[in-house]
Amino acid sequence: MSLADRRTQTKVGPRWDRREQGADGLQAPNATVLDTQLTIETPEHISFAFHIAGPFRRLMAYLLDLLISQFLYWLIVICLMFAVSYFAMSIQMAISPEVAEFLAGIAMALVLIGSFCVTWFYGAYAETKWNGQTFGKRLLSLRVLSTDGSAIDSSQATLRNFFRLLDLMPFVSPLLLVGMEPEWGDALSVPTLGLGLLIMASTARFSRAGDWVAGTMVVFEPQLLPSRLADFTDSRVASLASLIPGDFQVSSSFSQCLAHYVSRRAYLGPARCQEIANHLVPLLLERFQLPRDTDSDLLMCALYHRAFLSTSQEQDSDTLIRPFVPEAQVV
Amino acid sequence: MKVAELIQKRQADWSELERLISELSSRVRKVESIKLRRFGVLYRNACADLALVTAYQLPPDTTAYLHDLVARAHNQLYRSESFQYQQWLFVLFIETPRRIFCDPCVHIAMLIFWGLFGLSAWLSYEQILWPEFATSVVGEEQLEAFVQMYSQFGDGRGAGGNVAMTGFYVFNNAGIGLACFVSMLFFLPGLVTLSFNAVYLGAVFGFMFRPENGEAGANFQNFVTAHGPFELTAIILSAGAGLRIGHKWLFTGGLRRADALKLGGREALPIVMCAVVLFVLAALVEAFVSPGASAIVPWWVKGMVAVGSSGLLMFYFIILGYPWNRRALPRASARQVEGML
Chain D
254 MSLADRRTQT KVGPRWDRRE QGADGLQAPN ATVLDTQLTI ETPEHISFAF
304 HIAGPFRRLM AYLLDLLISQ FLYWLIVICL MFAVSYFAMS IQMAISPEVA
354 EFLAGIAMAL VLIGSFCVTW FYGAYAETKW NGQTFGKRLL SLRVLSTDGS
404 AIDSSQATLR NFFRLLDLMP FVSPLLLVGM EPEWGDALSV PTLGLGLLIM
454 ASTARFSRAG DWVAGTMVVF EPQLLPSRLA DFTDSRVASL ASLIPGDFQV
504 SSSFSQCLAH YVSRRAYLGP ARCQEIANHL VPLLLERFQL PRDTDSDLLM
554 CALYHRAFLS TSQEQDSDTL IRPFVPEAQV V
Chain V
163 MKVAELIQKR QADWSELERL ISELSSRVRK VESIKLRRFG VLYRNACADL
213 ALVTAYQLPP DTTAYLHDLV ARAHNQLYRS ESFQYQQWLF VLFIETPRRI
263 FCDPCVHIAM LIFWGLFGLS AWLSYEQILW PEFATSVVGE EQLEAFVQMY
313 SQFGDGRGAG GNVAMTGFYV FNNAGIGLAC FVSMLFFLPG LVTLSFNAVY
363 LGAVFGFMFR PENGEAGANF QNFVTAHGPF ELTAIILSAG AGLRIGHKWL
413 FTGGLRRADA LKLGGREALP IVMCAVVLFV LAALVEAFVS PGASAIVPWW
463 VKGMVAVGSS GLLMFYFIIL GYPWNRRALP RASARQVEGM L
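Each protein sequence line maps, in turn, to chains D and V. According to our numbering, the first sequence is numbered sequentially starting from 254. According to our numbering, the second sequence is numbered sequentially starting from 163.
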C-alpha cells in the first residue's frame, strides 16, 4: 500500500464548515465547538481531535531551542578552546608560529561552519530525526505535523526552518531607542517577530510563513492523566439514587451534562451549585414524585451515580446495538 | 454494564499503550517486535473505544483522555521518514540539474542579475553618459575604501587566515543567500534585494576596471576571478529559488493558494540547497585561491580555476540538466501532487 493511499483525511476549516461535520456522526460532539481543535480521520476510520498550538507556547519552545542550540554550542566551543589551550600548555608543546596559526585557522573555520549549521539546520535535523520535535518542542509537548495529520518529511522540516527568518522580521535596531541612527546592515538588530505573529493571527491553523510554505502545523500533545470517576463518600447519594424510578433513562447528552457538573462541583461552592442545579431539579422532582425539599445538589449527584456508577437497564435507548468490545490479544 | 466497570476494564490497556508510547518516543534502543505488534493491537483497541465513546456514555474527561491517547499513538505509528541517503544521489545528479535547467524562474533571475550587472558595470565604467553613477550607487567613501583595500593587496594572507576565512565566507555568504531566498516569498523585497546586489556589484566592477585605478584594478581582478563563477551562480540560484515560491503564490495555476505555495516550496528546495553547496565551494576558493599572492598562486592558475569551475557548472546544469528523456519529470512528482490535493 503506498503512502498516498494511507494518507489520513483532514477536515479543517472555518467554523461553519466544522459544524457540518458534526452531523456525520464520526466526530465526538465536543470537537465541533472549539476553535483550536482539528479533527483527523485516520486510516483506521476513527476521528480524533488535535489541539493546534498557539503562538505563545511555540515562542517559548523557540526560545528554549535557541537557548539550547546557540548557548550550548558556544559553551561547548569555549570549553573546548580552554581545554585545548590548557592541554597545549601542560605538555609544553613547541610548535612554530606558522603551524600554530594554521591550526588556529582550522579551529576558527570549524567553529564558524558549525555555527552556520546550528543556525540554519538544527531545527530541520531535529524535526526529521525526532518525528517532528526539537528539544524545546519536546519539553513543551509540541509536535510538527503535516496539515493532513501525517508526519513531516525532511524537506518540509528544512523549508519551515529556513523561513523562520521571515517570521522573525522586522529586525529593529535597539540603537533607535536611544535616538541613534543605525547604519545600513548594522549587526545589532533584534527580531521583533511581528510578521510571524501577524501571519499566525490571520491563518486557520496558526501557521507562520514557514508552516505555510512547508504545509505543516504545530499541535499541542499534552500527556493527560487517565481520568477518574467521582466517588461519593456521602451514603445519601446511593440511597437517593435507588429512589429514582428504574425506568428513567439518563440520555447521552444528560450524562455529559452531569459529568461536567460533578467535575466542577468542587470549585463552585454550595450556593452556586444550588443555583445551577435548580434550573433542572424541580422538574425532575416532580417527575420522580420525590419530596419538594430534596437537596438539588444531592439529586444531581444521585443522577450521576445512576448514570455512571450503577448498573443501567438493558433496554438503553442509546445502545440498541450492543457495542463490540474489542479484546486485546496477541495472536 | 456500569460505566465505571467499563473504564476500569479498559484502563489496563490504555495504560499499557501509554507505556509503549513513551518507550517508542524515547527510542533509546530498538523496540522489540513483539511490543510493536502489541502496540498495533492496543492502538486499534483505543481507536475502537474512541469510536464508541458516545455509545458507552463515557464522561467528557475520559473522552478527552482518549483523544489525547489516540493522537499520541497515531503520531508514533505514522512517523517521519528519516533521511534517505540512497535517494540523495538521484536528487543531486538527476533531479536538481533538470529542475534548474527547465525552471523559468531561474532564467528570469539570471536575466535580471546579469542584465542589471552588465548595465551598471558599463554605466560605471564609461564616464560620459552618467558620470556620477558609481559614486551615487556605491558612495564616495566606499569606493575610496575599495581602491585603498586593493592597492595594498599583494602579499595575501597566511595559511591559517585562509582557513579561518573559509568559515567566515560560509557563515556570511550562504546566510545572505538563504536570506535572499526567504525574502523572495513576498516577491518585491526579494526582487529589490537581487536588483540591488546586481547594480551594486556591477558599479563596483565597472569602477575598479577604470583605467585610473590601474594597480588596484589589477589586484581586484586578481582577487575576484577565481571564485566569481561559483559565487555569482549561487546568488542567482538562491534568487531563482525564491522567485519560484513567490511566483507560485501569485500565479497559482488553478490550485488553491496554499497548495500552490507548498508545491513551490517543494520545487524550490533542491535549487536553494544547490545554492548553499555552491556558496560553500565559493568560500573554499575565495579563502584559499583568490587571496594568494602572485608569487605563490600565479594569475593563470586563478584563471584556470575560474574556467574549470565554469566548465563544471556548465556540465552540471546543461549536460546533466538537459531533459534527455522525458521519463523523469522535472516538476514535482505526480505522487507529491496527488498527496497534496
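All C-beta atoms in this analysis are idealised placements derived from N, C-alpha and C, irrespective of residue type, glycine included.
Relative to the C-alpha of residue i, which residue among the options is closest?
| i | options | result |
| --- | --- | --- |
| residue 394(V) | 224(V), 195(V), 459(V), 271(V) | 271(V) |
| residue 447(D) | 431(D), 370(D), 380(D), 418(D) | 418(D) |
| residue 331(V) | 171(V), 311(V), 234(V), 452(V) | 452(V) |
| residue 546(D) | 554(D), 534(D), 557(D) | 534(D) |
| residue 442(V) | 181(V), 186(V), 392(V) | 392(V) |
| residue 298(V) | 267(V), 341(V), 358(V) | 358(V) |
| residue 171(V) | 498(D), 558(D), 479(D) | 479(D) |
| residue 341(V) | 302(D), 500(D), 508(D), 372(D) | 372(D) |
| residue 553(D) | 539(D), 520(D), 515(D), 540(D) | 515(D) |
| residue 362(V) | 278(V), 424(V), 169(V), 291(V) | 278(V) |
| residue 508(D) | 466(D), 561(D), 531(D) | 561(D) |
| residue 398(V) | 307(V), 435(V), 218(V) | 435(V) |
| residue 532(D) | 543(D), 510(D), 354(D) | 510(D) |
| residue 177(V) | 232(V), 195(V), 215(V) | 232(V) |
| residue 401(V) | 380(V), 284(V), 296(V), 338(V) | 338(V) |
| residue 542(D) | 529(D), 498(D), 521(D), 414(D) | 498(D) |
| residue 334(V) | 397(D), 350(D), 366(D) | 366(D) |
| residue 449(V) | 168(V), 326(V), 257(V) | 326(V) |
| residue 334(D) | 324(D), 500(D), 364(D) | 364(D) |
| residue 351(V) | 382(V), 421(V), 307(V), 404(V) | 404(V) |
For residue i, name the three-state secondary structure that DSSP assigns.
| i | result |
| --- | --- |
| residue 396(D) | strand |
| residue 427(D) | helix |
| residue 543(D) | coil |
| residue 215(V) | helix |
| residue 277(D) | The pLDDT assigned to residue 277(D) is 37, lower than 50, so where the model puts this residue is not dependable; a value taken from the coordinates is nonetheless given after this. Reduced to three states, the DSSP call for residue 277(D) is helix. |
| residue 366(V) | helix |
| residue 444(D) | strand |
| residue 414(V) | coil |
| residue 588(D) | With chain D covering only 254 through 584, there is no way to say anything about residue 588(D). |
| residue 471(D) | strand |
| residue 194(V) | coil |
| residue 293(D) | strand |
| residue 482(D) | coil |
| residue 588(D) | Since the displayed chain D opens at 254 and closes at 584, residue 588(D) lies outside it and no answer follows. |
| residue 456(D) | coil |
| residue 487(D) | coil |
| residue 298(D) | coil |
| residue 290(V) | coil |
| residue 513(D) | helix |
| residue 484(V) | coil |
| residue 449(V) | helix |
| residue 301(V) | coil |
What are the residues that DSSP puts in a beta bridge with residue i?
| i | result |
| --- | --- |
| residue 403(V) | In the DSSP output, where bridge partners are listed per residue, residue 403(V) has none listed. |
| residue 404(D) | 398(D) |
With C-beta atoms as the reference, is residue i less than 8 Å away from residue j?
| i | j | result |
| --- | --- | --- |
| residue 511(V) | residue 369(V) | Absent from the model: residue 511(V). The displayed extent of chain V is 163 to 503, so no value can be given. |
| residue 408(D) | residue 428(V) | yes |
| residue 474(D) | residue 399(D) | no |
| residue 468(V) | residue 364(V) | no |
| residue 349(V) | residue 408(V) | yes |
| residue 433(V) | residue 261(V) | yes |
| residue 563(D) | residue 494(D) | yes |
| residue 312(V) | residue 378(V) | yes |
| residue 421(D) | residue 467(D) | no |
| residue 482(D) | residue 221(V) | yes |
| residue 275(V) | residue 347(V) | no |
| residue 376(V) | residue 406(V) | no |
| residue 328(V) | residue 362(D) | yes |
| residue 200(D) | residue 308(D) | In the structure as shown, chain D starts at 254 and stops at 584, and residue 200(D) therefore has no counterpart that could be examined. |
| residue 404(D) | residue 242(V) | yes |
| residue 318(D) | residue 385(D) | no |
| residue 322(D) | residue 378(D) | no |
Cβ closer than 9 Å: which chain A residues qualify as neighbours of residue i?
| i | result |
| --- | --- |
| residue 485(D) | Looking for chain A here will not work: the only protein chains present are D and V. |
Residue i: beta carbon under 7 Å from a heavy atom of the ligand ADP?
| i | result |
| --- | --- |
| residue 404(D) | Within the structure as shown, the ligand ADP is missing, as the structure has no ligands at all. |
> What residues in the region 222-245 of chain V have a beta carbon less than 7 Å from any beta carbon of chain D?
Replying inline: 222, 223, 224, 225, 226, 227, 229, 230, 232, 233, 234, 236, 237, 240, 241, 242, 243, 244, 245
> Which residues, taken in chain order from the region 423-451 of chain V, show a beta carbon closer than 7 Å to some beta carbon of chain D?
Replying inline: 423, 424, 427, 428, 431
> Going along the chain, which residues of the region 487-515 of chain D sit with their C-beta nearer than 7 Å to a C-beta in chain V?
Replying inline: 505, 508, 509, 512, 513
> Closer than 7 Å, Cβ to any Cβ of chain V: which residues of the region 516-536 of chain D, in chain order?
Replying inline: 516
>> At a CB distance below 9 Å, what residues from the region 342-367 of chain V approach chain D? Give them in sequence order.
In response: 343, 344, 345, 347, 348
>> By the 9 Å beta-carbon criterion, what residues does the region 382-405 of chain V contribute toward chain D?
In response: none
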